[in-house]
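My numbering applies: residue -12 is where the sequence shown begins, and numbers increase by one.
From the three backbone atoms N, C-alpha and C, an ideal C-beta is built for every residue, glycine too.
All of these numbers come straight from a predicted model, not from anything done at the bench.
All remarks here apply to the structure that follows.
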Amino acid sequence: MATAHGSLWKEVHTMGRETPMNHEAAERISAAAERDPDSPAAQSGFDDRAQQAADRNDDAD
-12 MATAHGSLWK
-2 EVHTMGRETP
8 MNHEAAERIS
18 AAAERDPDSP
28 AAQSGFDDRA
38 QQAADRNDDA
48 D
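Structural data, given as structure tokens:
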């Protein structure tokens, strides 16, 4: 049985695959991590991974 939560999860994760990380998005993530260093994104290193992904996507163009 599909739940609303399951549908949202699929939508969010599918969207991530279709939209490559760019520098504008990586900068927003980094700024949010700086504002709240205790956030899960900041503590997991997601801001650094987002920047690396944006750099890779630039190289692919």
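Status (buried if at least 16 other CB within 10 Å, exposed otherwise) for residue i
{"i": "residue 46", "result": "exposed"}
{"i": "residue 8", "result": "buried"}
Integer-rounded CB distance, given that residue j should sit under 8 Å from residue i
{"i": "residue 29", "j": "residue 18", "result": "That pair is no contact at about 11 Å."}
{"i": "residue 34", "j": "residue 16", "result": "5 Å"}
DSSP three-state assignment for residue i, whether helix, strand or coil
{"i": "residue 26", "result": "coil"}
{"i": "residue 44", "result": "helix"}
Sub-9 Å separation of residue i and residue j beta-carbons
{"i": "residue 49", "j": "residue 10", "result": "Outside the shown range of the chain, which is -12 to 48, sits residue 49, and nothing can be said about it."}
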